[in-house]
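Here the structure comes first, spelled out in structure tokens, and everything after it is commentary.
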Amino acid sequence: MLVPLGGHREFVAAHGLMNDALAEALGLGEWVDPTGPEYDPRAVRLALRSLHAAAERSRKRATVPERLRANTARLRHDLRIGHARADHPAELGAADAGRHDEPVGRQPVRRGADSPD
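Everything in the sequence shown is counted per UniProt numbering, starting at 1 for the first residue and increasing by one.
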């Protein structure tokens, strides 16, 4: 996550790595070792990107729990994701218009004719 989110820009500073323990854990220990090669931020970034690419290639596909998969499908259906109508809120239709202003997971309060204002 360090590389895709851009955190490596702060981690790999001009004169050294910002966290020696993290460098060791990531496999960049040679760059914090006083007997290691002379520090070169470009070489460190290259090594970090290489380690990231190798980790991405070797990772296993994550399995999504069934409940999360079902909830996501329901949300996608409710929001009409993937349908042309959902491209703009004005295109959702009058029947759906009120649903998008209500808090998620809560039912709106319905006041009957005999309830106080």
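By construction, the Cβ of each residue, glycine as well, lies at the ideal position given by its N, Cα and C atoms.
What three-state label does DSSP hand residue 79 in the structure shown? coil
If you count every other CB in all the chains shown that lies within 10 Å of the CB of residue 68, and 16 or more means buried, which is it? exposed
Return the residue from the list 57, 74, 61 and 15 that minimises the CA-CA distance to residue 45. Nearest C-alpha to residue 45: 15.
Quick one: Cα of residue 58 to Cα of residue 27, how far? 16 Å
Which residues bound the alpha helix (DSSP H) around residue 46? 41-58
Apply the 10 Å Cβ neighbour rule to residue 64 and answer buried if 16 or more other Cβ atoms are within range, or exposed otherwise. exposed
Start-to-end residues for the alpha helix (DSSP H) that takes in residue 23: Run containing residue 23: 20-26, per the alpha helix (DSSP H) assignment.
Between the C-alpha atoms of residue 76 and residue 61, what's the straight-line distance to the nearest angstrom? 22 Å
Between residue 54 and the rest of its own chain, which residues show a CB-CB distance below 8 Å, the 5 nearest in sequence each way excluded? none
Grab me the residues of residue 47's own chain with a C-beta within less than 7 Å of its C-beta, minus the 5 sequence neighbours each way, in chain order. 28
Among 72, 36 and 32, whose alpha-carbon lies nearest the alpha-carbon of residue 21? 32
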